[in-house]
Every structure is written in C-alpha cells, then in structure tokens.
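Residue 292 in the numbering used here is what sits at position 282 of the sequence shown, and the numbering runs on without skipping anything.
Here's the structure we're looking at; comments come further down.
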Amino acid sequence: MRLKDKIAIVTGGGQGIGRATARIFAREGAKVAIASRIEAKLKQVKREIEAEGGQVLALPTDVSSAEQVKRLVEATQERFGGLDVLVNNAGIGLRKPLDEVEREDYDRVMGTNLRGMYQGCHFAVPLLKARGGGSIVNVSSVHGVDRSPLNMVYAATKGGIIGCTRALAAELAPSRIRVNTISPGAIWLEMYEENILKQVKAEAQAEFLKRFGEGMKDSHKYFQPLEMVGMPDDIAWCAVFLAADESRFVTGQNIVVDGGLTTYLSPFAPPGSREKLEKASEPMRAWMETHKVPAGKYGARSGLVAAATRKGGLRQLIWREAKAN
Ligand SMILES: NC(=O)c1ccc[n+]([C@@H]2O[C@H](COP(=O)([O-])OP(=O)(O)OC[C@H]3O[C@@H](n4cnc5c(N)ncnc54)[C@H](OP(=O)(O)O)[C@@H]3O)[C@@H](O)[C@H]2O)c1
Numbered sequence: 011m012r013l014k015d016k017i018a019i020v021t022g023g024g025q026g027i028g029r030a031t032a033r034i035f036a037r038e039g040a041k042v043a044i045a046s047r048i049e050a051k052l053k054q055v056k057r058e059i060e061a062e063g064g065q066v067l068a069l070p071t072d073v074s075s076a077e078q079v080k081r082l083v084e085a086t087q088e089r090f091g092g093l094d095v096l097v098n099n100a101g102i103g104l105r106k107p108l109d110e111v112e113r114e115d116y117d118r119v120m121g122t123n124l125r126g127m128y129q130g131c132h133f134a135v136p137l138l139k140a141r142g143g144g145s146i147v148n149v150s151s152v153h154g155v156d157r158s159p160l161n162m163v164y165a166a167t168k169g170g171i172i173g174c175t176r177a178l179a180a181e182l183a184p185s186r187i188r189v190n191t192i193s194p195g196a197i198w199l200e201m202y203e204e205n206i207l208k209q210v211k212a213e214a215q216a217e218f219l220k221r222f223g224e225g226m227k228d229s230h231k232y233f234q235p236l237e238m239v240g241m242p243d244d245i246a247w248c249a250v251f252l253a254a255d256e257s258r259f260v261t262g263q264n265i266v267v268d269g270g271l272t273t274y275l276s277p278f279a280p281p282g283s284r285e286k287l288e289k290a291s292e293p294m295r296a297w298m299e300t301h302k303v304p305a306g307k308y309g310a311r312s313g314l315v316a317a318a319t320r321k322g323g324l325r326q327l328i329w330r331e332a333k334a335n
C-alpha cells in the first residue's frame with residue numbers, strides 16, 4: 011500500500027478523474043475527503059469506497075467559494091486528524107470563440123479552475139506544515155501546455171495552474187511540501203456517452219447504443235499516438251505516485267499523461283490516425299446522416315464523436331471551424 015495512513019482531499023471527487031483518484035487512493039490505504047457540488051454523486055462514490063473497506067468523508071463543496079473550501083479543510087482535520095495530500099482536481103471547460111466569451115463565462119471558469127486551486131492551497135498548507143510536509147497535486151490539462159483554438163479561458167486557467175505550481179514548489183520546499191501538476195490528455199468519461207446520446211432523437215437512442223456504444227469509446231484511441239483509450243485511472247495512478255513518499259524528490263514538475271498527444275504539433279494528428287478514425291466510424295457516420303444527427307457546435311466534447319465522425323478528425327474539425335469563424 012503506497013498511501014497507508016495518509017490523509018487526502020480530492021476535489022471534484024464525485025465523478026471522472028476525481029472519483030478514480032479517490033477510489034485508488036483509498037485502495038492504497040489513504041483516508042480520503044471528496045468534495046464537489048452534486049451531493050448525490052459524492053454519496054455514490056462514498057458508497058463505492060466504503061464497500062471496498064475504505065474510509066471516506068464526502069462533503070458537498072463549491073471550490074469557487076472560499077468559505078466552503080475552508081470548511082472542507084476543517085472538516086477533514088476534524089474527521090481524520092490532519093492532512094497529507096491535497097489533489098486540486100475540480101475543473102470545468104469552456105469552448106467558445108473569443109467574441110462569444112462573456113465576462114460571466116470568464117469569471118466562472120477562472121473561479122473554479124484557478125481560484126479554486128489557490129483556495130485549496132491557501133487553506134490546506136497550514137495543515138500540511140503542521141504534519142511536517144506533504145504533497146499538493148494540481149490537475150491541469152494538455153491545454154495548459156499546448157494550445158488550441160476556442161479554448162482561451164480554459165487554457166489560461168490550466169497554464170496558470172502550471173505557473174502557480176512552480177512558484178509554490180519553490181516557496182513551500184523549505185516546509186517539505188511538494189507541489190506538482192498532472193496534465194491529462196484525452197481521457198474518456200462516462201458523461202461523454204450521455205452527452206452524445208442527447209443529440210440523438212429519443213426513439214433512436216436504444217438502437218444507437220446497441221450499434222455504436224463501444225465504438226464511441228473506441229474512437230478515442232485514435233486521438234493520440236498510443237492507440238488506446240485514456241481512462242481516469244491513468245491519471246489517478248500518476249496522482250498516487252506524486253502523493254506517495256516514492257516521489258519525495260519530485261517537486262515543481264508538470265507530468266503530461268496524454269498517450270503522446272502533445273508530441274504532435276496542432277493541427278496535425280498522428281500519421282494515419284485520421285484515416286483510422288474515419289474507417290472505424292464510417293458505419294456511425296452513415297447512420298448519423300440517415301438520422302440527421304447534428305454535429306456538435308465548435309466540436310465541443312459533448313459532440314466530440316459525432317463531430318469527429320461526421321467530419322473526419324477532431325483536430326482538423328476544430329482547425330477548420332476556427333478558420334471559418
Ligand atoms: N477528461 C479529460 O479529457 C481531461 C483532460 C484534461 C484535463 N482534465 C481535467 O481533469 C479534471 C477532472 O475533470 P474530469 O475529466 O474528471 O471531468 P468531470 O467528470 O467533469 O469532473 C469534474 C469534477 O469537478 C467537479 N466540479 C466542477 N466544478 C466544481 C466546483 N465549482 N466545485 C467543486 N467541484 C466542481 C464536478 O462535480 P460537480 O459538478 O458535482 O461539482 C466533477 O466531479 C478537471 O480539472 C479537468 O479540467 C480532464
């Protein structure tokens with residue numbers, strides 16, 4: 011057990027990468043506090059962890075609220091007696107061209123992704139210091155490293171996280187607090203399937219799922235040179251390493267976990283991937299044409315597979331739309 015007796019907070023723990031991280035942390039022996047806004051999802055993850063014998067505190071929290079983050083840290087201290095690891099994972103995306111980005115969009119995404127991370131660090135660091143050290147893991151994105159059109163605000167938050175990580179790593183090193191970032195690439199989430207389904211008429215959904223359920227997920231393997239589907243557990247295991255004592259000499263770093271996605275400059279996809287994606291998705295594309303399924307606006311993740319399959323390759327699609335705008 012790599013995290014035996016460690017106490018960790020994982021924000022955004024109600025689903026996706028946060029859920030995977032909390033579950034694997036608990037299996038590795040950590041006591042985990044999970045925090046996100048929707049209580050029902052948190053309770054479900056709590057049940058999953060407890061069913062495997064783990065100890066978990068589930069506290070509904072909006073990370074953009076300083077009061078709520080403070081309460082989360084205090085509740086963790088009360089329940090488990092301290093804190094060793096903070097995973098600032100909660101995040102939201104935004105894919106819009108600049109002229110459509112409203113001040114509210116900007117504040118919402120900044121408030122969650124960047125201010126949420128700052129608030130987590132601000133309230134957690136005194137507890138980490140009291141334990142004689144600890145580890146902070148911030149979740150950024152490949153968009154914090156590489157850029158793509160229509161992603162200005164999201165990219166600003168994710169690039170900001172990497173910058174803050176390096177500054178904090180230097181500042182907190184004397185207190186033996188390590189601070190690192192993980193930048194995930196394209197990670198498959200269950201909600202993508204739900205979002206794609208929403209675009210298909212209700213009466214055709216059952217048929218769509220039967221014919222293409224597996225194909226939706228499978229098409230993700232052509233987004234990067236390593237032809238496999240990136241999963242939340244792939245990020246969670248990197249977080250385990252950064253939280254564990256085995257990484258005691260690692261700080262200020264950004265670990266990109268993307269199957270090689272960023273080894274190709276935008277807008278070029280890995281050789282052959284576009285053809286493979288088109289071939290694999292040909293039946294789905296034909297079906298969508300027949301059923302008049304609209305492509306997702308701006309190739310947003312909600313329409314990712316629909317968009318990619320209809321026009322042949324996500325990057326090419328985004329590039330073309332950006333030029334058209
Ligand atoms: N999946 C990918 O391909 C990918 C790629 C690069 C980076 N990332 C990053 O990975 C992190 C996790 O995302 P994910 O992929 O697991 O997506 P996800 O399934 O949408 O999970 C996001 C989590 O953050 C929570 N959250 C959102 N706003 C919040 C707020 N204001 N306060 C507290 N919790 C909040 C959500 O729960 P509630 O809605 O209940 O609050 C949810 O649990 C994010 O930072 C994301 O930017 C993901």
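We put the CB at the ideal spot given by N, CA and C, even for glycine.
These numbers were taken from a predicted model, which means no experiment stands behind them.
Span separating the alpha-carbon of residue i from that of residue j
| i | j | result |
| --- | --- | --- |
| N205 | V250 | 30 Å |
| K41 | G26 | 19 Å |
| L199 | E288 | 21 Å |
| C248 | K302 | 41 Å |
| I59 | L104 | 31 Å |
| A310 | K106 | A caution first: A310 carries a pLDDT of 36, below 50, which makes its placement in the model unreliable, though a value can still be read off. The alpha-carbon atoms of A310 and K106 are separated by roughly 9 Å. |
| T71 | E299 | 42 Å |
| K16 | A254 | 9 Å |
| S312 | A212 | Its pLDDT being 34, under 50, S312 is placed unreliably in this model, and the coordinates cannot settle the point. |
| Y308 | S158 | Because the pLDDT of Y308 is 45, which lies under 50, any placement of that residue in the model is unreliable, and the number read from its coordinates should be weighed accordingly. Roughly 12 Å between the two C-alpha positions. |
| I34 | A216 | 33 Å |
| K51 | G101 | 16 Å |
| Y274 | D156 | 10 Å |
| Y202 | R176 | 32 Å |
| A61 | A166 | 39 Å |
| R188 | G130 | 14 Å |
| L178 | G121 | 19 Å |
| S229 | P280 | 14 Å |
| T86 | N264 | 27 Å |
| R113 | G154 | 21 Å |
| I146 | R221 | 43 Å |
| F218 | K286 | 21 Å |
For residue i, the nearest candidate out of the options (CA to CA)
| i | options | result |
| --- | --- | --- |
| A43 | T261, G23, Q129, M226 | G23 |
| V239 | E224, S193, I197 | I197 |
| G28 | K56, A61, Y128, I172 | K56 |
| L138 | R186, R89, R125 | R186 |
| G36 | A290, V66, F90, H153 | The sequence shown places Ala at residue 36, not Gly. It is V66. |
| V266 | L160, I172, E112, A68 | I172 |
| F90 | V97, F233, C131, A18 | A18 |
| D109 | M162, K286, M294, I34 | M162 |
| R12 | W297, T273, L252, G282 | L252 |
| Q282 | W297, A246, F233 | According to the sequence displayed, residue 282 carries Gly and not Gln. Nearest C-alpha to G282: F233. |
| F259 | H230, N148, P293, A183 | A183 |
| T31 | Y202, R47, G64 | G64 |
| E84 | N123, F133, L207, A68 | F133 |
| D94 | G142, Q78, V210 | G142 |
| G126 | D244, D228, Q78 | Q78 |
| A214 | W297, Y128, L160, Q129 | W297 |
| L160 | V111, A68, Y128, K53 | V111 |
| R284 | E237, D244, A246, D243 | E237 |
| A246 | T86, N148, E88 | N148 |
| C174 | R221, K208, Y128 | Y128 |
heavy atom of ligand 3 below 7 Å from residue i C-beta
| i | result |
| --- | --- |
| T175 | With respect to small molecules bound, the structure shown includes ligand 1 and not ligand 3. |
Beta-carbon spacing of residue i, residue j below 8 Å
| i | j | result |
| --- | --- | --- |
| G39 | K80 | no |
| G262 | N190 | yes |
| G195 | L271 | yes |
| V20 | V73 | no |
| S193 | S257 | no |
| P235 | G269 | yes |
| N99 | K168 | no |
| A45 | G92 | no |
| Y164 | V119 | yes |
| S291 | G225 | yes |
| A68 | K53 | yes |
Closer than 8 Å to chain D by CB, residue i
| i | result |
| --- | --- |
| E299 | Given the protein chain composition of this structure (a single chain), no chain D is represented. |
Inside the stretch 82 to 129 only - alpha helix (DSSP H) runs reaching at least 4 residues: Secondary structure remark: continuous alpha helix (DSSP H) runs of at least 4 residues inside the stretch 82 to 129, in chain order: 113 to 119.
Start-end ranges of the beta strand (DSSP E) lying completely within the stretch 198 to 280, minimum 3 residues: Counting whole runs of 3 or more residues, the stretch 198 to 280 contains the beta strand (DSSP E) stretches 264 to 267.
Residue ranges of each beta strand (DSSP E) within the stretch 156 to 204, 3 or longer: Whole beta strand (DSSP E) segments, 3+ residues: 187 to 194.
Whole runs of the beta strand (DSSP E) within the stretch 29 to 63, excluding any shorter than 3 residues: List check, beta strand (DSSP E) in window: 41 to 45.
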